[in-house]
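Since the structure comes first, as structure tokens, the remarks are kept for the end.
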DNA sequence: CTGAAAGCGCTTACAG
DNA sequence: CTGAAAGCGCTTACAG
């Protein structure tokens, strides 16, 4: 059951391989009789152009790598990753490009650069979850263009595409909502300090509170997980027992925080209001459901895919896209 | 900035391309002087063998497709999918095979078969979440071997690899745990009737209850989501107001069921015990945390990858693997 | 031990 | 409008 080649199709149709190739490429200036003969035989044989040959000839792979930190997949951040991935994959499929998963392996750091140099993909999309310094370094002199979903803190090739959400504005949205709900002693559970996104959210929160004439409350750090949110909330309560509002930089941390508050006998949102960030599954399943700042994750993935495809085809591409965040009101505020 | 070819390396090292190829392939019977010259120049130029050319020559793609139903990604089943994907991708990476994502597009059903005929991948892994009849049909005469994670209900090529968890045993585990907790009026929230896995879980539950001399309680269907679990629980309460135990065929449905029970004034597990299935994130974040039947999702993905790689290389491969399920005790029982 | 040559399957510039 | 030929970059069987 060996795969048919274009020569098989040409032979069966009684034409030269060049003619067969032209028909299959959709050329219009071919004898109609030959055209239909080729089309018939191709269908009959189940012919499909060999991927490798086409790639070797054309110089383009028709594939784009999706770089992901594999220890993240299936972990607590699953939903973040999955949403962005979904958007990227949809965008690539629309451009008739194959998404190739590139697990960023911590043990074998040369693997991805090596793969990129083999010409197997025409570009890469990096879905940045945690700051991955070694990855940013490894991609520094990439032979193919890169689109980042989530702006890295470290310096990147100025030719790169960056798609992110409006973290600064999102932080401000959260602060304003808390203030408007009458909260005055407002703490924050921010993310890891080496993560640009978390810092921006905190900056938006600080600035908005200050604009409202409110002194920002205590600041504690988490790593975006439920557990870290619980630990952070406990510290927050120690530092400010009279706390009446909390902004958490991820929904998972917000969910953890709620649990600790409830265990400490504080009612949410009666005694303490909480606003999360992301709008992933847990925002709807937590009790009470979370008021949160929504990131358009799927749209971000799609935007990255579209810009990257445009760049690869030499079309003008948006280099920096900051998509808007929105406040989704549920019951924790 | 054009990619260097093996001819560039050979020229720089002052040898023939054949010799350069031999050195790069790790041949030992080459003059040491030439060997080191080639190695030096290859490193200097950042040479990496062209993927397309190697593939065309060797006849093997060195890549495996991961077929996924894209409407599922990022949805509520995200965690199921992500875990299996993670395992598969890890297994493939260990075998030096690239995972290529193949979104199963509902609109363009011919896309995947077409792609398979192009020789771009040496095999495919299908992560079966919902029953996807058209996908099973589309893959019926695949030119490459297939590994299924989750056995499809419809007939598949007998040469295929199937990896699943012990759904029958898992259903029995759940039933036994409920009985041992003293429950006697036990209902079930099962999955869609066209899904083999759900049916097996229900069969295991029925058989184990019967063995214990207990008549199985009411049966209602959901579609594995939180919302469907809520609706199903409401129907269950109507049908059997004196219910004291529930087995839900997914953790998401179990979480939804708990919420409805609590809203109806029933305490979990004091009044009603619940056992879920899967052991994904929500099992730990729901209140109370779920006692559930764990599926080894990541291991399943990895097993599929390993068996498929073995088959592609003509080595003996396990055709059917049923991995054990285990009961994880938390607080809903 | 080394090099010249063939061939994987495709597409397109060239000649007719 | 059609066909013979070249060439993408690689690897390996063949000859020396």
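Protein chains in written order, with our numbering: chain A, 1 to 333; chain B, 1001 to 1333. Even glycine gets a Cβ: it sits at the ideal position worked out from N, Cα and C.
By the Cβ-count criterion, residue 137 of chain A is exposed, with fewer than 16 other Cβ atoms from all chains shown falling within 10 Å of its own Cβ. In the structure shown, residue 1234 of chain B falls within a helical segment according to DSSP collapsed to helix, strand and coil. Comparing alpha carbon positions, the residue from A:263, A:274, A:219 and A:213 closest to residue 246 of chain A is A:274. Judged by DSSP secondary structure, residue 1038 of chain B falls within the alpha helix (DSSP H) whose first and last residues are 1032-1045. With distances taken between CA atoms, residue 1160 of chain B lies nearest to B:1310 out of B:1323, B:1330 and B:1310.
Taken through DSSP and simplified to helix, strand or coil, residue 1115 of chain B comes out as helix. The beta carbon of residue 1203 of chain B sits closer than 8 Å to the beta carbons of 1168 and 1171 from its chain, once the five residues preceding and following it are set aside; these are given in chain order. Interface annotation, residue 1098 of chain B: in contact with chain A, CB-CB separation under 8 Å.
Looking at the backbone, the Cα of residue 1185 of chain B and that of residue 205 of chain A are separated by about 52 Å. Among the bridge pairs identified by DSSP, residue 1064 of chain B is matched with B:1099. Taking a C-beta distance under 8 Å as the contact criterion, residue 1189 of chain B and residue 1222 of chain B qualify as a contact pair.
The beta carbon of residue 1289 of chain B lies closer than 6 Å to those of 1330 and 1331 in the same chain, with the five residues before and after it left out.
Put simply, of B:1102, B:1051, B:1060 and B:1116 the residue whose alpha carbon is nearest the alpha carbon of residue 57 of chain A is B:1051.
Residue environment: residue 1155 of chain B is assigned as exposed (fewer than 16 neighbouring CB atoms within 10 Å of its CB, all protein chains considered). Those residues of the stretch 37-56 of chain A placed with their C-beta closer than 7 Å to a C-beta in chain B are 46, 48, 49, 50, 51, 52, 53, 55 and 56, ordered along the chain. Take the alpha-carbon of residue 231 of chain A and the one of residue 244 of chain A: they are about 18 Å apart. In the assembly as shown, residue 1324 of chain B is an exposed residue. Its beta-carbon has fewer than 16 other beta-carbons within 10 Å. The Cβ of residue 1101 of chain B sits closer than 8 Å to at least one Cβ of chain A. The criterion of a C-beta distance shorter than 8 Å is satisfied by residue 1118 of chain B and residue 48 of chain A. For residue 278 of chain A, DSSP records a beta bridge to A:294. Within its own chain, the residues whose Cβ lies closer than 6 Å to the Cβ of residue 101 of chain A, once the five positions on either side in sequence are excluded, are 66, listed in chain order. Residues of the stretch 274-291 of chain A with a Cβ closer than 8 Å to any Cβ of chain B, in chain order: 281, 282, 284, 285, 286 and 287. When beta bridges are read from the DSSP output, residue 1286 of chain B appears opposite no residue.
Counting along the chain, the unbroken alpha helix (DSSP H) around residue 8 of chain A starts and ends at 6-13. Using a Cβ-Cβ cut-off of 8 Å, residue 1119 of chain B counts as an interface residue toward chain A, since at least one Cβ of chain A sits closer than that to its own. Counted as a single uninterrupted DSSP element, the alpha helix (DSSP H) harbouring residue 173 of chain A occupies residues 167-180. Contact between residue 268 of chain A and residue 233 of chain A does not hold, since their C-beta atoms are separated by about 11 Å, which reaches or exceeds 8 Å. Of all alpha-carbon atoms in B:1266, B:1146 and B:1089, the one lying nearest the alpha-carbon of residue 1113 of chain B is that of B:1146. Exposure of residue 1040 of chain B is indicated by the presence of fewer than 16 other C-beta atoms within 10 angstroms of its C-beta. A direct Cα-to-Cα measurement between residue 198 of chain A and residue 227 of chain A gives close to 17 Å.
For residue 1206 of chain B, the three-state secondary structure derived from DSSP is helix. For residue 1150 of chain B, the number of other beta carbons within 10 angstroms of its own is at least 16, and it is reported as buried. The residues 1087, 1088, 1090 and 1091, in chain order, have a CB closer than 7 Å to that of residue 1302 of chain B in the same chain once the five nearest residues on each side in sequence are set aside.
The Cβ atoms of residue 1291 of chain B and residue 1175 of chain B lie no closer than 8 Å to each other.
DSSP places residue 56 of chain A in the uninterrupted alpha helix (DSSP H) bounded by 51-58.
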